[in-house]
Amino acid sequence: MGSPVTPVLRAALSSKPANGHEHFVPQIRKLVFEYCDVRKSSDPLRRYLLRNAEDLAAQNPHVEIVVKQRPQKQPIVRGLYVNNRTKVIGLNGYDARTLEQKVQLLLDSSGAKIKSLKRRPVESMTESARGIWSGLHVEETFKI
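Here this note's numbering is used: the first residue of the sequence shown is 180, the next is one more, and so on.
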């Protein structure tokens with residue numbers, strides 16, 4: 180007669196997780212460590228990676244951790260975020276404890292652009308009592 184009716188399963192009706200009451204979606208998706216094999220400035224990062232890379236990956240299963248060589252350049256760590264932004268921190272001259280703090284800073288960051296809290300323009304909900312001035316709506320234009 181007609182096509183059989185397929186039941187709608189409960190799992191098919193679920194929505195994607197989003198930040199809110201019961202869910203938290205971390206904003207970072209990838210950490211890229213870049214270092215040089217021969218430069219002395221990369222020694223602390225190489226030691227940090229040998230000791231902590233596995234633990235870092237185990238504690239943050241939602242983050243892809245990549246280690247790349249960057250010949251003859253200073254060591255950096257790059258955080259790539261869900262909102263397609265990137266944050267880069269140079270790691271030249273840091274000890275292991277400071278390296279850990281910088282990595283944690285990238286893990287906790289949202290990837291959003293930093294907004295200045297100073298001198299924000301005032302936005303009014305109502306128009307000015309005198310209206311908006313325009314040089315095009317005057318009887319006589321300004322002459323030099």
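Ideal Cβ placement from N, Cα and C applies to all residues, glycine included. From a predicted model like this one, the values you see are computed outputs, not experimental measurements.
So what does DSSP say about residue i, is it helix, strand or coil?
i	result
G290	coil
T265	strand
V204	coil
L270	coil
L259	strand
L315	helix
Q251	coil
K209	strand
V301	coil
E306	coil
V282	helix
For residue i, count the other beta carbons within 10 Å of its own beta carbon; 16 or more makes it buried, fewer makes it exposed. Which is it?
i	result
P223	buried
F212	buried
I207	buried
E296	According to the sequence as given, residue 296 is Leu; it is not Glu. By the 10 Å Cβ count, L296 comes out exposed.
P300	exposed
S221	buried
L229	exposed
L315	exposed
Just to check my reading of the structure: residue i and residue j have Cβ atoms closer than 8 Å, yes? What is that Cβ distance to the nearest angstrom?
i	j	result
D347	Q238	Any answer about residue 347 is impossible in this case: the structure gives the chain only from 180 up to 323.
R218	Q251	7 Å
K281	V256	7 Å
K209	V242	7 Å
Q253	G269	6 Å
K322	S288	The Cβ separation is near 55 Å, so there is no contact.
*Evaluate the contact criterion for the segment 256-265 versus the segment 226-238: three or more CB pairs, one atom per stretch, below 8 Å.*
Result no; under three Cβ-Cβ pairs closer than 8 Å.
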